[in-house]
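S.K.:
In the UniProt record's numbering, the protein residues as written are 1 to 417.
Right under this line is the structure:
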């Protein structure tokens with residue numbers, strides 16, 4: 001997807017990633033003929049997010065120099081792919097137009113950053129509600145929505161449903177890369193019906209939350225909001241308490257209102273550096289029991305440039321089989337790992353080269369990027385690992401759709417801005 005939220009054109013791999021942002025999705029298998037399978041998951045990475053092009057003048061003063069938008073949308077029910085497709089294509093321009101109004105509005109009093117954060121958060125919430133009201137959700141369809149929006153040094157994480165987004169840091173000192181580490185700073189919750197506030201709302205709407213036998217004791221199984229399906233007329237269960245679409249479930253308390261969390265990149269980096277220093281100070285104060293002497297460790301001198309921040313959004317097809325820390329660590333390798341210089345070639349292009357078929361090769365090269373970035377390869381690794389988890393667990397009888405979107409959150413160069 002292009003920087004202004006429009007269809008960027010080109011082939012799948014040509015538009016799926018770069019060195020600092022990538023998306024990838026894999027169709028699942030729900031039984032029946034392979035040709036009948038439908039991928040209901042969608043993901044976007046609008047990098048840069050050129051929302052200012054949606055204003056009347058095409059540019060304005062005071063806008064943040066860096067803007068990025070990533071997200072994952074998990075469609076469900078009979079026509080869930082229609083809703084997730086609509087949301088993925090409509091959201092960037094809808095949200096962008098609201099951001100433009102925030103930064104171009106005439107005000108008598110200078111606003112604080114806290115006020116701007118509140119207005120951006122409201123714009124995100126309004127966008128979710130408008131998408132819910134206008135989505136092609138009839139007669140039966142809905143999707144999750146998990147987003148990360150960066151505007152300058154502020155990050156807005158927005159979630160409705162059981163897809164998730166996370167903010168993570170990767171720290172590599174210039175001297176001593178072997179001491180690098182990756183940590184998750186924040187991850188959205190899964191909006192599940194059994195959570196206290198969510199269950200109370202559903203029941204206040206007259207709905208029922210299904211709890212599997214023994215769930216309260218073990219936490220095993222999937223809780224659901226029970227509702228009457230308009231297509232089948234039977235009782236169905238939605239495995240989340242917030243979503244876009246799903247209007248039948250909405251009648252019994254499933255809402256599109258997202259939870260929005262706001263972070264400051266400068267604050268994150270300062271916190272990480274302080275934590276690293278305190279950890280090292282504690283290690284230096286340890287006493288060697290054999291000699292009674294204080295251990296002297298060679299602590300790296302970390303700077304803010306050593307702390308890299310990145311974001312990931314993914315659907316539960318990935319999250320059900322891969323822990324968040326595994327995802328974060330592998331993404332960090334794709335973003336910040338050393339490139340050994342070898343050419344990373346897409347398998348289809350490699351096959352055409354082996355066959356020495358210039359016609360097929362030219363066709364592939366015109367539609368696909370011949371060289372995959374390390375980040376695209378990291379996406380593939382993660383999706384294939386999750387797919388293998390589904391295979392091992394379900395024996396090929398079922399695999400959920402999988403989608404992931406990633407972006408580096410470092411301040412952009414002038415060329416990206």
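Beta carbons: idealized from backbone N, C-alpha and C, even for Gly. Bear in mind that the values here come from a model prediction, so they are computed numbers and not experimental data.
Counting along the chain, where does the alpha helix (DSSP H) carrying residue 384 start and finish?
M.R.: Where residue 384 is concerned, the enclosing alpha helix (DSSP H) stretches over 374 to 394.
S.K.: Indicate whether residue 41 and residue 402 have their beta-carbon atoms separated by less than 8 angstroms.
M.R.: Yes, these two residues count as a Cβ contact at 8 angstroms.
S.K.: Tell me whether residue 27 sits in a helix, a strand or coil according to DSSP, three-state version.
M.R.: In the structure shown, residue 27 sits in coil (DSSP, three-state: anything other than H, G, I, E or B).
S.K.: Which partner residues of residue 166 appear in the DSSP bridge assignment?
M.R.: DSSP output for residue 166 lists 187, 312 as bridge partner(s).
S.K.: Do you know offhand how far residue 28's Cα is from residue 94's?
M.R.: Cα to Cα, residue 28 sits roughly 29 angstroms from residue 94.
S.K.: Taking 6 angstroms as the limit between beta carbons, can you name the residues of its chain near residue 231, skipping five residues before and five after?
M.R.: Answer for residue 231: 78, 139, 140, listed in chain order.
S.K.: Whose C-beta lies closer than 8 angstroms to the C-beta of residue 23 among residues of the same chain, with five residues either side of it excluded?
M.R.: Same-chain partners within the cutoff: 16, 17, 43, 44, 45, 70, 379, 403, 404, 405, 406.
S.K.: Do residue 386 and the ligand MN come close, with the Cβ less than 7 angstroms from some heavy atom?
M.R.: This structure lacks the ligand MN, and indeed carries no ligand of any kind.
S.K.: By a C-beta neighbour count over all protein chains shown, 10 Å radius and 16 as the cutoff for buried, is residue 136 buried or exposed?
M.R.: Exposed: under 16 other Cβ atoms inside 10 Å.
S.K.: Grouping DSSP H, G and I as helix and E and B as strand, with all else coil, what is residue 217?
M.R.: Looking at residue 217 - three-state DSSP - the assignment turns out to be helix.
S.K.: Could you check the C-alpha separation between residue 353 and residue 20 for me, to the nearest Å?
M.R.: Unreliable placement is indicated for residue 353, whose pLDDT of 49 sits below 50; the coordinate value is still reported in the next sentence. Those two C-alpha atoms are separated by around 28 angstroms.
S.K.: Quick one: Cα of residue 499 to Cα of residue 238, how far?
M.R.: Because the chain in this structure spans residues 1 to 417, residue 499 falls outside the shown range and cannot be described.
S.K.: Start and end of the alpha helix (DSSP H) containing residue 76?
M.R.: That residue, residue 76, is in no alpha helix (DSSP H); its beta strand (DSSP E) goes 67 to 76.
S.K.: Classify residue 182 as helix, strand or coil using the three-state DSSP reduction.
M.R.: It is a strand residue.
S.K.: I want to know whether the segment 119 to 137 touches the segment 240 to 249 - three or more CB-CB distances under 8 angstroms.
M.R.: Flag = yes, the segment 119 to 137 and the segment 240 to 249 touch.
S.K.: Which residues in the same chain have their Cβ closer than 7 angstroms to the Cβ of residue 190, if we skip the five residues on either side of it in sequence?
M.R.: Closer than 7 angstroms at Cβ, skipping near neighbours: 162, 164.
S.K.: Can you give the beta carbon distance from residue 210 to residue 224, rounded, assuming they're within the 8 angstroms contact cut?
M.R.: Yes, residue 210 and residue 224 are in contact; Cβ-Cβ is about 4 angstroms, under 8 angstroms.
S.K.: Is residue 270 helix, strand or coil by DSSP?
M.R.: Residue 270 falls in the helix class under three-state DSSP.
S.K.: Can you tell me whether residue 134 is helix, strand or coil according to DSSP?
M.R.: In this structure, residue 134 counts as helix in the three-state DSSP scheme.
S.K.: Out of 186, 280, 153, which has the shortest C-alpha to C-alpha gap to residue 117?
M.R.: The shortest C-alpha separation from residue 117 is found at 153.
S.K.: Would DSSP call residue 232 helix, strand or coil?
M.R.: Residue 232 falls in the coil class under three-state DSSP.
S.K.: Give the secondary structure of residue 128 by DSSP, where H, G and I count as helix, E and B as strand, and everything else as coil.
M.R.: Note: residue 128 maps to helix in three-state DSSP.
S.K.: Can you have a look at residue 84 and say buried or exposed, based on whether 16 or more other CB atoms are within 10 angstroms of its CB?
M.R.: Result: buried.
S.K.: For residue 179, which residues from the same chain have a beta carbon less than 7 angstroms from its beta carbon, with the 5 sequence-adjacent residues on both sides left out?
M.R.: Answer for residue 179: 173, 300, listed in chain order.
S.K.: Can you tell me the Cα-Cα spacing of residue 319 and residue 110, whole angstroms?
M.R.: Going from the Cα of residue 319 to the Cα of residue 110 covers about 43 angstroms.
S.K.: Rank 130, 145, 124 by C-alpha distance to the C-alpha of residue 156 and give the top, closest one.
M.R.: For the residues 130, 145, 124, the minimum Cα distance to residue 156 belongs to 124.
S.K.: Quick one: what does DSSP say residue 353 is sitting in, helix, strand or coil?
M.R.: Model confidence at residue 353 stands at a pLDDT of 49, short of 50, so the residue's coordinates are unreliable and nothing is read from them.
S.K.: With the cut-off set at 8 angstroms, would you say residue 315 and residue 182 are in Cβ contact?
M.R.: It is not a contact, given that the beta carbons lie outside the stated cut-off.
S.K.: Going by CA-CA distance only, name the one from 192, 207, 105 that's closest to residue 226.
M.R.: Closest by alpha carbon: 207.
S.K.: Do the CB positions of residue 328 and residue 168 come within less than 8 angstroms of each other?
M.R.: Closer than 8 angstroms, so yes.
S.K.: Whole angstroms is fine: what's the gap from residue 195's alpha carbon to residue 409's?
M.R.: Whole-angstrom Cα-Cα distance: 31 angstroms.
S.K.: Taking 8 angstroms as the limit between beta carbons, can you name the residues of its chain near residue 204, skipping five residues before and five after?
M.R.: These residues qualify, in order along the chain: 253.
S.K.: Thinking residue 383 and residue 26 are a contact (beta carbons under 8 angstroms), I'd like their distance in whole angstroms, please.
M.R.: That belief holds up - the Cβ atoms of residue 383 and residue 26 are roughly 5 angstroms apart, short of 8 angstroms.
S.K.: DSSP state of residue 18, grouped into three classes?
M.R.: Reduced to three states, the DSSP call for residue 18 is coil.
S.K.: Out of 48, 151, 337, 127, point me to the one whose CA is closest to residue 377's CA.
M.R.: Per the Cα distances, 337.
S.K.: Could you check what DSSP says for residue 46 in three-state terms: helix, strand or coil?
M.R.: Residue 46: strand per DSSP, three-state reduction.
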